[in-house]
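Colleague: Residue numbers (our numbering): 60 to 1027. Before I ask anything, let me first share the structure, which is written out below as structure tokens.
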């Protein structure tokens, strides 16, 4: 078995295959498409789908937006012929060439169709040209010749004439006089022959006179073809036939005959001959300007005009640049750059792609004002034919005539065909020049790059290597050409795998990729990374392989060394990580102790003040009662209650900061909560501060403790007020927020939907250093005695315990914005509770019993007093075990009121869960100043369980108890 050639890149592959064939695909003048045939179950071709078309497809067919659509979808009544013909090509693989027309498309095509791909693919490639104009011209010629033959046979020509030679009077019918451009009355009455000769083209008149004289001398047949000049400047071709009758002495008597209009046939012949001449003339030309000049000369000669030229257009400057034009004898060139506006306004038509044909510049509205200028350059009549590429006006073919003349459709058709051929030829030359330039660029690139580059034929025969290959192995250029020569350069251990991979790539067309060792000229093997890809034709056929060899020997050694170093690196990193973690833990412990010291110091200071107020008021209250001075009792009682409430608020703040406060989260409408506090906020901040509330429409619900949220909002508003001692603007704003993964990581949140509550001020603002400490306990920037330093820390703890966060944005001198982010709750908001006075609390019904479990005797006493005041039967227990024993008895229990933290190894939640085994419908109210995670878990209580935070008002407790007992 032969070994495949080595991978390396081709100088013949001078541009990538896709670019080369895409350029050819788009540059060809013919229409081209690839279709997929569709067959009925019986094997009859029923339709085909367009897979790909080139840019000329639309111009050749008039069809647009066809890729992916079927022929019947685009042309519903397309003739059966097309499906049968292309279906046969797809099934048999036999290519066909034919001319055929489509009535539905109103065009005639010259077609070459052939199958591509595998037979199962049913794919057909179609190369075609729209030859409708040529077909029509052929039909016109044929019909003209048929009419001529019929007229000659029947003696009924287009125009008849009879010349009375002795009197020199020619009488003719109306058709003859119309053809020769003389009045019909003149023909009917008769006129001298010279009057009719006046319309014959000067170049043809001598020959016509000679032929007439010959006929008159011999009495033989007269037959001539010549041109007639029309009054409008147009030229008609005439075929005249007749016979002169002679007297006995040979004197001419009468000369009758017929004349035929053969303009169409002659013009078709002239056009065909001109195109043939043009094709022969430009076949070997390589200069685009020379091609344009030759075409202009041929066209000018055929049209018999004064000048023909070809120029490049600048639509921005509205100019045409002509390198060289053809001019009739005596006519001056206009080569150079000309401005269209200097010669009329017809540039607007040209920009739209319209051909401008003007018979007489003095009579056309677009040129009448510039007629003298045009006549001065022999352009009293002209045609400007734009050449458009991708909707851009890029070039112009023009014909000028020194005198007015009418431009026939045949004239314009010939100009269009010449223009298209010139453009096609010049574009072909330009594409060829681009190809050669690209190939040269590739050659330079292939030799300049450090990689080894090589190329191989489709069968694996290696035929080209760049100099880097030979510089490495020391061989002479060409020494590696062949199928197996490369095998001797590969390490014996690597060759089998490399050969197998090369065979696989050749067989499948897949990318070739291996690593092997190749021997250098010094005999040392080095590692190479080898890659090769197939260069394909438009139909997918592999034309060649192009590959590269990249030296990776050094990188492989470095990789091995890096691997060895990594083995020890892991241990080094692990040791260093342990040291850093130990240092970080020590730092955290130090920071924790500092925070604890700051926290405990602040607590001790505040509680000493509060306890002094409570104990002092109670002591004086006792003295005044003993003295009988009851008038002062209320004052000391209120003082003690005020100090106690402040102490309760302080504990709430501490628990909020530690995120261990007892929350009663409920579905809350934050907009409604803000509206309820708006008046209070305005009174609190005072009239010197403008307060604005911006409530988001459609605000989501959040699950939160509404009372704690109100406290948080008031704290933020008070902080904002204190930051604006000279007045300013305070804004409270709500909004729905989507937090994506990136932002969630930045803000220490879970990605998802949140409700934001933001308070902004225009106050003094904070520095980044102050923002970093803002939520630390007892940290405050307010003067001594004006702040506890627990406000923001309480808000921070509350937000985190509620599953959210707070963010602070501030700039010194600009103001501060603090936002709470609270998770969205999918449910309706609850209405707010309204506390009742204890005296107004509803009374118990007969037999209703409440079990009170609390390890604090004072609390049990107070709760029992409230229950008895309301008429409830009350049972008390000091710990969880005693309470559970009562719950497991047959005693009537309508409600369990219990502390959470109980002695004896069973807390309140455990007792409640155990009680519900026997009493599943038992209603439970937890009263606590401290919430363990095990009690309220993720913030949600089981149905029938509720919580109240100590301390609480007795009237609030009474209302909550009655609500729970009477609830369904």
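Yeah, the Cβ is synthetic: ideal placement off N, Cα and C, and Gly gets one too.
(1) Within the continuous alpha helix (DSSP H) that includes residue 429, where are the two ends?
(2) Can you tell me the Cα-Cα spacing of residue 482 and residue 496, whole angstroms?
(3) To the nearest whole angstrom, what separates the beta carbons of residue 790 and residue 751, a pair I think is in contact under 8 Å?
(4) Specify, as a first and last residue, the run of the alpha helix (DSSP H) that residue 734 falls within.
(5) Which stretch, first to last residue, makes up the alpha helix (DSSP H) that contains residue 791?
(6) Nearest to residue 697 by alpha carbon, out of 673, 682 and 356?
(7) Which two residues bound the contiguous alpha helix (DSSP H) that contains residue 554?
(8) Among 126, 479, 980 and 175, which residue has its Cα nearest to the Cα of residue 596?
(9) Work out the CA separation of residue 230 and residue 399 for me, nearest whole Å.
(10) Nearest by alpha-carbon distance to residue 553: which of 584, 567 and 524 is it?
(11) Could you give the DSSP three-state label for residue 583: helix, strand or coil?
(12) Locate the alpha helix (DSSP H) running through residue 146, then write down its first and last residues.
(13) Measuring alpha carbon to alpha carbon, tell me which of 284, 589, 506 and 738 ends up nearest residue 264.
(14) Going straight from the alpha carbon of residue 772 to that of residue 860, what length do you get?
(15) For the candidate residues 1024, 447, 528 and 944, whose alpha-carbon lies nearest to that of residue 929?
(16) May I ask you to verify whether the stretch 590-607 touches the stretch 620-638, counting CB pairs closer than 8 Å and requiring at least 3?
(17) So for residue 107, helix, strand or coil by DSSP?
(18) Please name the residue, chosen from 392, 600, 581 and 493, that lies closest to residue 177 on a Cα-to-Cα basis.
(19) Flag this pair as touching only if the stretch 376-383 and the stretch 392-409 have three or more C-beta atom pairs under 8 Å; answer yes or no.
(20) Are the beta-carbon atoms of residue 1003 and residue 982 separated by less than 8 Å?
(21) So residue 612 packs on residue 586, CB below 8 Å; how close in whole Å?
(22) Output the distance between the C-alpha atoms of residue 548 and residue 592, rounded to the nearest integer angstrom.
(23) Which residues bound the alpha helix (DSSP H) around residue 356?
(24) Would you please verify whether the beta carbon of residue 636 is less than 8 Å from any beta carbon of chain B?
(25) Would you kindly work out how many angstroms separate the C-alpha atoms of residue 298 and residue 171, rounded to a whole number?
(26) Based on DSSP bridge pairs, tell me the residues matched to residue 166.
(27) If we ignore side chains and look at the alpha-carbon of each, how far apart do residue 537 and residue 576 end up?
(28) Measuring only the C-alpha atoms, how far is residue 414 from residue 540?
(29) Select from 128, 121 and 141 the residue whose C-alpha is nearest the C-alpha of residue 105.
(30) Just list the residues that DSSP pairs residue 398 with in beta bridges.
(31) Starting from the C-beta of residue 893, find all residues in its chain whose C-beta is less than 8 Å away, skip the five residues before and the five after it, and write them out in chain order.
(32) Output yes or no for whether 8 Å exceeds the beta carbon distance between residue 119 and residue 138.
(33) Tell me the residue span of the alpha helix (DSSP H) that contains residue 332.
(34) At 3 residues or longer, and completely inside the stretch 740-782: list those beta strand (DSSP E) runs for me, N to C.
(35) Could you give the first and the last residue of the continuous alpha helix (DSSP H) run that contains residue 1011?
(36) Rounded to whole angstroms, what's the CA-CA distance from residue 461 to residue 439? Just pull it up for me.
Modeller: By the coordinates alone:
(1) Going by DSSP, residue 429 is part of no alpha helix (DSSP H) at all; its letter is neither H nor E.
(2) Each residue's alpha carbon lies about 21 Å from the other.
(3) Yes, they are in contact, since the Cβ atoms of residue 790 and residue 751 sit about 5 Å apart, within 8 Å.
(4) Residues 729-744.
(5) Unbroken run through residue 791 is the beta strand (DSSP E), 787-798; no alpha helix (DSSP H).
(6) Ranking 673, 682 and 356 by Cα distance to residue 697 puts 673 first.
(7) 554-567 is the extent of the alpha helix (DSSP H) around residue 554.
(8) Restricting attention to 126, 479, 980 and 175, the CA atom closest to the CA of residue 596 is found in 175.
(9) Across the structure, residue 399 and residue 230 are spaced so that their CA atoms are roughly 50 Å apart.
(10) Answer by Cα proximity: 584.
(11) Here residue 583 sits in coil by DSSP.
(12) Under the DSSP assignment, residue 146 falls in the alpha helix (DSSP H) whose first and last residues are 139-151.
(13) For residue 264, the nearest C-alpha among the options comes from 284.
(14) Residue 772 and residue 860 have their alpha carbons spaced roughly 16 Å apart.
(15) The residue with the shortest Cα to Cα distance from residue 929 is 1024.
(16) A contact between stretches requires three or more CB pairs, one per stretch, nearer than 8 Å, and the stretch 590-607 fails this requirement with the stretch 620-638.
(17) In this structure, residue 107 counts as strand in the three-state DSSP scheme.
(18) Among 392, 600, 581 and 493, the Cα nearest to that of residue 177 is on 600.
(19) The stretch 376-383 is in contact with the stretch 392-409.
(20) The answer is yes: Cβ separation under 8 Å.
(21) The pair is a contact, with the Cβ atoms about 4 Å apart (cut-off 8 Å).
(22) Rounded to whole angstroms, the gap between the alpha carbons of residue 548 and residue 592 is 21 Å.
(23) Taken as a continuous stretch (DSSP letters only), the alpha helix (DSSP H) holding residue 356 covers 347-362.
(24) Given the protein chain composition of this structure (a single chain), no chain B is represented.
(25) In this structure, the CA atom of residue 298 is about 39 Å from the CA atom of residue 171.
(26) 161, per the DSSP bridge assignment.
(27) C-alpha separation (whole angstroms): 21 Å.
(28) Approximately 58 Å, taken between the alpha carbons.
(29) Per the Cα distances, 141.
(30) Per DSSP, the beta-bridge partners of residue 398 are 378.
(31) Low per-residue confidence applies at residue 893: pLDDT is 46, beneath 50, and the placement is therefore not dependable, though the value from the model is reported in the following sentence. So no residue of the chain qualifies.
(32) No.
(33) Unbroken alpha helix (DSSP H) run through residue 332: 322-341.
(34) Segments of the beta strand (DSSP E) lying fully in the stretch 740-782: 748-753 and 760-763.
(35) No alpha helix (DSSP H) holds residue 1011; DSSP gives it neither H nor E.
(36) Each residue's alpha carbon lies about 5 Å from the other.
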